[in-house]
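Asks:
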Amino acid sequence: MRPSGTEPGDFVEFDYDLMEAERRQRIRDVLHRVRPALEQEVGRALEVSNDGNDLVLVSDGEIRFRAALAPDGRVIVTDLRSGDHL
């Protein structure tokens, strides 16, 4: 991200709330795309939900997978039952 139209010494302001909303939407989009494959793998229906600031996949009221955005832009989905990364 680079500011444009600024001069040296100008104060540049970034909208952190907008950046956070975009990050969460990117994660949500990925979770909706991979959910059918994960449902088939675990044999249960999964629902995309929020857990505080995190996005998770829930099965039978229990958080099964937690999603996070890596610094390089990849979405990392962690299976909380096995502790392994997918």
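Using my numbering, you'd call the opening residue of the sequence shown number 19 and step up by one each time. In this text, a Cβ means the ideal position worked out from N, Cα and C, and glycines have one as well. Keep in mind that this is a model prediction, so the values were computed, not measured.
1) Under DSSP, the alpha helix (DSSP H) around V48 begins and ends at which residues?
2) Which two residues bound the contiguous beta strand (DSSP E) that contains R82?
3) For R82 versus L73, is the C-beta distance shorter than 8 angstroms?
4) For the beta strand (DSSP E) that V93 lies in, which residues bound it at each end?
5) Buried or exposed: where does A85 fall if 16 or more other Cβ atoms within 10 Å of its Cβ makes it buried?
Replies: The structure says:
1) Run containing V48: 34–60, per the alpha helix (DSSP H) assignment.
2) Its beta strand (DSSP E) spans residues 80–87.
3) Judged by beta-carbon spacing, L73 lies beyond the 8 angstroms limit of R82, meaning their Cβ atoms are not closer than that value.
4) Per DSSP, V93 belongs to the beta strand (DSSP E) from 93–97.
5) A85 counts as buried, since at least 16 other C-beta atoms from the protein chains shown sit within 10 angstroms of its C-beta.
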